[in-house]
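Heads up: the sequence lines are chains A and B, in that order.
Here the working numbering is used: the first residue of the first sequence is 1064, the next is one more, and so on.
Here the working numbering is used: the first residue of the second sequence is 135, the next is one more, and so on.
What follows is one structure encoded as structure tokens, with my remarks underneath.
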Amino acid sequence: MENNTVEILLIEDNMNDAELAIRAFRKGNINNNLIHLKNGAEALEFLFATGKFEGRDTSKKPKVILLDLKMPKVDGLEVLAKIKASDLTKSIPVVVLTSSSEHPDIEHAYSLGANSYIVKPVEFDEFVKVVTELGFYWLLKNHPSL
Amino acid sequence: MIANKELAFQNVEKEKRAEQLMIANKELAFQNKEKKKRAAELIDSNKEVDELEKRVKERTEDLESFTYSVSHDLRTPLRAINGYANMLEEDYSGVLDSEGKRVLGEVRINAKKMGILIDDLLTFSRLGRKGISNSKVDVNELVKTVLLEINESTAHHAEIKYENLLPTIADYNLLKHVITNLLSNAIKYSSKKDKPFIEIKSERKKGVNIYSISDNGVGFDMKYVNKLFGVFQRLHSNEEFSGTGVGLAIVERIIHKHNGKVWAKGKEGQGATFYFSLPDVDKKTEKKQ
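See below:
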């Protein structure tokens, strides 16, 4: 990890969803370095180089953060609020992952500064498509601010 | 003397009138008191009604959000089932024999079915929560649009007849949902006939428009008519005709939201007709003028 900059940060408490997302990235030929963090607390430790990530070079920012909203303890909205409130992390694009397009949290997420959201589709093929498009947009087309 | 007598008489009269007035005043005061009492009673019972309405609303909202979160949370494990079955198919198809592949296919088909079911349930619960935005709808055009969409997604050989359908006032997207559902049903349940025939008609009756969609399909026994619009109620097995049993419940909910009515007539083996009523456009505009 020291040598490779993490490009995709996946914050997802559901192991199945995480595995499917990672597989979808690989299937979509998005082979950027990805790290999967299993809950909100861990994500904050990583982003702000505290706890078990103490000493991590915070100038190395992920190109995109995929953030699940529904997580125990520190939920996605809380993580999002902290990301967007800190000068260190607020420029990193955050894509919110949700189970349905009607979730009331989506609006809340946007108001906190989420860059976009994707609905995790039930159909895996659909999931691959969505994740590929997303990866293409945020990793290739979008020029991150430095 | 006479004048004195006259005065005395007038005095008596005056006193009499004053007495009458006092009585009338008392009567009025009493009536006023009664009125106030009644008003207070009315306010009390109004409060009770408000309270009851509030409670019904709360309960309904609870139920809606329960349906919503249940169907919502069901998607997560379903996504896993579907995703892993897909992985198995992609990565291990080489080691699976034909029976293994068939079994895996069944898993995937059923996961997909459940996905549709959940989506239908979500639509149903969403309709309970969302308001409607009404506008004038050209129903004839709408039917045309819906048919184009159906023809694109479903292969069928039904002859479908309609002309000059009356316009109405409705939420365009919701009415589209109703027509799509009823037409798809008509096509589905007449698909096993040699010559499936579907007719859409409209007529003005007692200030409302009544629309009907008839087919010459399998129909139904009128003794089950009250089951048609229930959630998850089906009159056919999935092997005969596929479906989730939510479609007509959604139709009914949409029409009720428009203060309309929906009903059906049918005969086993001889087709069915579904009716729904919506406002008459002309009547509404006449009123406004």
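By construction, the Cβ of each residue, glycine as well, lies at the ideal position given by its N, Cα and C atoms.
Being a predicted model, the structure only gives us computed values, none of them experimental.
Q. Under the three-state reduction of DSSP, which class applies to G217 of chain B: helix, strand or coil?
A. For this step, residue 217 of chain B is matched to residue 83 along the second sequence. If DSSP states are grouped into helix, strand and coil, G217 of chain B belongs with the helices.
Q.
Count Cβ pairs between the stretch 197-217 of chain B and the stretch 1176-1195 of chain A that sit closer than 8 Å; are there 3 or more?
A. yes
**Q.** Where I1146 of chain A falls: helix, strand or coil (DSSP)
**A.** Stepping through the first sequence from its first residue, residue 1146 of chain A is reached at position 83. Looking at I1146 of chain A - three-state DSSP - the assignment turns out to be helix.
Q) In chain order, what residues of the same chain lie with their CB nearer than 7 Å to the CB of L1140 of chain A, ignoring the 5 residues before and after it? A) For the purposes of this step, residue 1140 of chain A is identified with residue 77 of the first sequence, where counting begins at 1. Once the five neighbours on either side are set aside, the close Cβ partners of L1140 of chain A are L1132, D1168, H1171, A1172, L1175.
(Q) According to DSSP, F410 of chain B sits in a beta bridge with which residue or residues? (A) Working through the second sequence from its first residue, we reach residue 410 of chain B at position 276. The partner list for F410 of chain B (beta bridge, DSSP) reads B:Y345, B:V396.
Q. Would DSSP call D1188 of chain A helix, strand or coil?
A. Taking the first sequence and counting its residues from 1, the one referred to as residue 1188 of chain A is at position 125. Note: D1188 of chain A maps to helix in three-state DSSP.
Q: Quick one: measure Cβ to Cβ for V1194 of chain A and F1088 of chain A, integer angstroms, because I've assumed they're closer than 8 Å.
A: Start at 1 with the first residue of the first sequence, and residue 1194 of chain A comes out as number 131. Start at 1 with the first residue of the first sequence, and residue 1088 of chain A comes out as number 25. So it is a contact: roughly 6 Å between Cβ atoms.
(Q) For the pair the stretch 314-330 of chain B and the stretch 372-390 of chain B, tell me if three or more CB-CB distances fall below 8 Å. (A) yes
Q) Can you check whether the CB of A1104 of chain A is closer than 9 Å to the CB of L1143 of chain A? A) Position 80 of the first sequence, counted from the first residue, corresponds to residue 1143 of chain A. Position 41 of the first sequence, counted from the first residue, corresponds to residue 1104 of chain A. Cβ distance not < 9 Å, so L1143 of chain A and A1104 of chain A don't count as in contact.
Q | Unbroken beta strand (DSSP E) run spanning A304 of chain B, endpoints | A | The sequence position of residue 304 of chain B within the second sequence is 170, counting from 1. Its beta strand (DSSP E) spans residues 302-304.
Q.
I'd like to know whether the C-beta atoms of N274 of chain B and Y306 of chain B end up nearer to each other than 9 Å.
A. Taking the second sequence and counting its residues from 1, the one referred to as residue 274 of chain B is at position 140. Taking the second sequence and counting its residues from 1, the one referred to as residue 306 of chain B is at position 172. No. Outside cutoff.
**Q.** Cβ distance (whole Å) where L1107 of chain A is taken to contact L1072 of chain A below 8 Å
**A.** As a first step, residue 1107 of chain A must be located in the first sequence, where it is residue number 44. As a first step, residue 1072 of chain A must be located in the first sequence, where it is residue number 9. No, L1107 of chain A and L1072 of chain A are not in contact; Cβ-Cβ is about 12 Å, not under 8 Å.
Q) DSSP three-state call for T288 of chain B: helix, strand or coil? A) Locating residue 288 of chain B in the second sequence gives position 154, counting from the first residue. T288 of chain B: coil per DSSP, three-state reduction.
Q: Report the residues of the stretch 1173-1194 of chain A with a CB closer than 8 Å to any CB of chain B, ordered along the chain.
A: K1183, P1184, V1185, E1186, F1187, D1188, F1190
**Q.** Closer than 9 Å to chain A by CB, I243 of chain B
**A.** Reading the second sequence from its first residue, position 109 is the one you call residue 243 of chain B. Taking Cβ atoms only, chain A never reaches closer than 9 Å to I243 of chain B, which makes this a no.
Q.
Quick test of the definition: if touching needs 3 or more C-beta pairs under 8 Å, does the stretch 398-407 of chain B touch the stretch 336-343 of chain B?
A. no
Q) the stretch 296-325 of chain B: which residues have C-beta closer than 7 Å to a C-beta of chain A, in chain order? A) none
**Q.** DSSP three-state assignment for K421 of chain B, whether helix, strand or coil
**A.** As a position in the second sequence, residue 421 of chain B is number 287, starting the count at 1. The predicted position of K421 of chain B is uncertain, since its pLDDT is 43 and thus under 50; a value taken from the coordinates is nonetheless stated next. The answer is helix: DSSP assigns K421 of chain B an H, G or I state.
Q | Near-chain B residues of the stretch 1089-1109 of chain A - C-beta to any C-beta below 8 Å | A | none
Q.
Give the list of continuous alpha helix (DSSP H) stretches no shorter than 4 residues that lie fully inside the stretch 243-273 of chain B.
A. none
(Q) Let me make sure I understand the geometry here. Which of A:L1197, A:E1082, A:P1156, A:S1122 has the alpha-carbon closest to that of I1128 of chain A? (A) Taking the first sequence and counting its residues from 1, one reaches residue 1128 of chain A at position 65. Cα-wise, what sits closest to I1128 of chain A is A:P1156.
**Q.** Host beta strand (DSSP E) of L1129 of chain A (start-end)
**A.** Taking the first sequence and counting its residues from 1, the one referred to as residue 1129 of chain A is at position 66. Start and end: 1127-1131.
Q. Under a Cβ-count criterion, where at least 16 other Cβ atoms within 10 Å of its own Cβ denotes burial, should G239 of chain B be classed as buried or exposed?
A. Indexing the second sequence from 1 puts residue 239 of chain B at position 105. Counting Cβ neighbours within 10 Å, G239 of chain B comes out exposed, since fewer than 16 surround it.
Q.
Does D184 of chain B pass the burial test, meaning 16 or more other C-beta atoms within 10 Å, or should it be called exposed?
A. Taking the first residue of the second sequence as position 1, residue 184 of chain B is located at position 50. Exposed, by the Cβ-count rule.
Q. In chain E, which residues lie less than 8 Å from R1119 of chain A when you measure between Cβ atoms?
A. Considering every chain present, this structure includes no chain E. Its protein chains are A and B.
Q. Would S179 of chain B be called buried (16 or more neighbouring beta carbons within 10 Å of its own) or exposed?
A. In the second sequence, counting from the first residue as 1, residue 179 of chain B sits at position 45. By the 10 Å Cβ count, S179 of chain B comes out exposed.
Q: Taking the CB atoms as reference points, tell me whether I384 of chain B and F200 of chain B lie closer together than 9 Å.
A: Sequence index remark: in the second sequence, residue 384 of chain B carries index 250 (1-based). Sequence index remark: in the second sequence, residue 200 of chain B carries index 66 (1-based). For I384 of chain B and F200 of chain B, no; Cβs fall outside 9 Å.
Q) In terms of residue numbering, what span does the beta strand (DSSP E) encompassing E333 of chain B cover? A) Position 199 of the second sequence, counting from 1, holds the residue named residue 333 of chain B. Counting along the chain, the beta strand (DSSP E) containing E333 of chain B begins and ends at 331-339.
Q | First and last residue of the uninterrupted alpha helix (DSSP H) at S376 of chain B | A | Working through the second sequence from its first residue, we reach residue 376 of chain B at position 242. Premise fails: S376 of chain B is in no alpha helix (DSSP H) and is neither H nor E.
Q.
Give me, in chain order, the residues of the same chain whose beta-carbon lies closer than 7 Å to that of V277 of chain B; leave out the 5 immediate sequence neighbours on both sides.
A. By 1-based counting over the second sequence, the position of residue 277 of chain B is 143. Cβ neighbours of V277 of chain B beyond the five flanking positions: Y296, L299, I313, I334.
Q. Would you say I252 of chain B reaches chain A, if we count a Cβ-Cβ gap shorter than 9 Å as a contact?
A. Residue mapping note: residue 252 of chain B aligns to position 118 of the second sequence, counting from 1. Yes, contact with chain A.
Q.
Alpha carbons only, please: which of B:N220, B:K246, B:V396, B:I388 is nearest the one belonging to S346 of chain B?
A. Sequence index remark: in the second sequence, residue 346 of chain B carries index 212 (1-based). The shortest Cα separation from S346 of chain B among B:N220, B:K246, B:V396, B:I388 belongs to B:V396.
Q. If you pair each beta-carbon of the stretch 1112-1121 of chain A with each one of the stretch 246-255 of chain B, do three or more pairs fall below 8 Å?
A. no
Q | Listed by chain order, chain B residues near D1131 of chain A by CB distance under 8 Å | A | Residue mapping note: residue 1131 of chain A aligns to position 68 of the first sequence, counting from 1. Under the 8 Å cutoff, chain B gives no residues; its nearest Cβ is about 10 Å from D1131 of chain A.
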